[in-house]
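Mapped onto the working numbering, the consecutive letters of the sequence shown carry residue numbers 1 to 272.
For glycine and all other residues, C-beta sits at the position ideal for the given N, C-alpha and C.
Working notes, beginning with the structure itself.
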Amino acid sequence: MQAPTPATPPADDDTQTRHAEHGRYPQALTVQDFQRNLAAIQARILAACQRAGRDPSQVRLLPVSKTMDESRIRLAYAAGCRLLGENKVQEALRKWEGTSDLTDLRWSVIGHLQTNKAKLVARFATEFQALDSLRVAEALDRRLQAEGRALDVFVQVNTSGEPSKYGLPPDEAAAFIQALPAFTALKVRGLMTLALFSSDAVRVRQCFVLLRGLRDQLRQDAPAGIALDELSMGMSGDFEIAIEEGATVVRVGQAIFGARALPDSYYWPTQT
Ligand SMILES: *Cc1c(COP(=O)(O)O)cnc(C)c1O
């Protein structure tokens, strides 16, 4: 007998967060573990793209290796990862130095940066996703010019309205972007956000909708040379919702590497 016809796929609005799994993901300890986790995430990316009628080649998976030691980074590399996201600059720098034999492994800094650490990012990073002040833009540009390097950057926007979160308030993004062409070593690619950390999928989705709407609006009079094609949004617990709302980069840590030992408050401003 034939299997019953599957129910019609859920409407977009039915996609839930997976924040309940936060802190419980099993550790990936072998290359096969990493391969399996990466394949599972790619399958979920594909399914989310299909629900949204999007081309999966337009969504990049950025594995986030923060807190994971060098041996785990080497396993991820062996499983095919060539660009890894790190939240803290000094931790990223240490890992970059420790894996200098992996010459095609590149680093994306996705966390808040203090001006006095801009020189470190300028030295080794390929991408910086948390630009939210002109002082940091200026410091990065100066050091990049000195190193003869360029850096892909994303402007971080606070879409959750939580005062504790980094990122520009949405209504300050336009003026900020207008000032960026002065920093010629910064290649502006798009916007980045962290959604509200909540199991309320409707409110999480609103953060992503806000970022996309803002990007569409800013793109209309973006200065020459400022591309706003990219939307970096979504992590282990909410990347499918982010893809449904237009994410071009999803930053996934725990669902690939396993749960982190350090609390999130070490990396993010404490939730209020
Ligand atoms: C840690 C981190 C992520 C990934 O979070 P997971 O829950 O591990 O997927 C994404 N973005 C930023 C800015 C992070 O610091």
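Three-state secondary structure (DSSP) of residue i
i      : result
Ala130 : strand
Trp278 : In this structure the chain extends from 1 to 272, so residue 278 is not present and cannot be described.
Phe183 : coil
Arg251 : strand
Val59  : coil
Gly190 : strand
Thr213 : The sequence given here has Gly at residue 213, not Thr. Gly213: helix per DSSP, three-state reduction.
Phe154 : strand
Thr5   : Confidence is the limiting factor: at Thr5 the pLDDT is only 46, short of 50, which leaves the residue's position unreliable and the question unanswerable from this model.
Leu75  : helix
Ser100 : coil
Glu172 : helix
Spatial neighbours of residue i in its chain, beta-carbon cut-off 7 Å, leaving aside the 5 residues before and after
i      : result
Phe154 : Gln129, Leu131, Arg189, Gly190, Leu191, Met192, Glu230, Ser232
Glu240 : Thr15, Arg44, Ala48
Phe124 : Leu93, Trp96, Trp107
Gly111 : Asn87, Lys88, Ala130, Tyr267
Phe263 : Here residue 263 turns out to be Pro, not Phe, going by the sequence shown. Nothing listed; no residue qualifies.
Straight-line gap, residue i to residue j (C-alpha atoms, nearest Å)
i      : j      : result
Leu75  : Val31  : 5 Å
Leu273 : Thr248 : Because the chain in this structure spans residues 1 to 272, residue 273 falls outside the shown range and cannot be described.
Gly253 : Leu29  : 14 Å
Ile256 : Arg135 : 34 Å
Val204 : Ser71  : 34 Å
Phe34  : Ile243 : 22 Å
Gly246 : Leu214 : 12 Å
Pro10  : Ala20  : Note that Pro10 scores 48 on pLDDT, short of 50, meaning its location in the model is unreliable; the coordinates nonetheless yield the value given after this. Answer to the nearest angstrom: the Cα atoms are 20 Å apart.
Ile226 : Asn116 : 25 Å
Ala51  : Asp69  : Residue 51 is actually Arg in this sequence, not Ala. About 36 Å.
Ala39  : Gly53  : 21 Å
Ala175 : Ser198 : 30 Å
Gln27  : Thr126 : 27 Å
Neighbourhood of residue i by C-beta distance below 6 Å, restricted to the same chain and skipping five residues each side
i      : result
Gly167 : Asp132, Gln156, Val157, Asn158
Presumed contact (8 Å Cβ cut-off) between residue i and residue j, rounded CB distance
i      : j      : result
Leu61  : Arg82  : Wrong, their Cβ atoms sit about 11 Å apart, outside the cutoff.
Leu186 : Ala222 : About 14 Å separates the two Cβ atoms, so there is no contact after all.
Leu140 : Val89  : Incorrect: roughly 11 Å between the Cβ atoms, too far for contact.
Thr67  : Arg260 : 5 Å
Gly258 : Arg18  : Wrong, their Cβ atoms sit about 14 Å apart, outside the cutoff.
Val64  : Gly80  : Going by Cβ atoms, the distance from Val64 to Gly80 rounds to 15 Å, so no, they are not a contact pair.
Pro269 : Ser160 : The pair is not a contact, with the Cβ atoms about 11 Å apart (cut-off 8 Å).
Leu210 : Pro170 : 6 Å
Same chain only: Cβ atoms within 8 Å of residue i, ignoring 5 sequence neighbours per side
i      : result
Lys146 : Inspection of the sequence shows that residue 146 is occupied by Ala rather than by Lys. Hits under 8 Å: Ala122.
Leu151 : Val121, Ala122, Ala125, Thr126, Glu127, Phe128, Leu140, Leu144, Ala185, Leu186, Lys187
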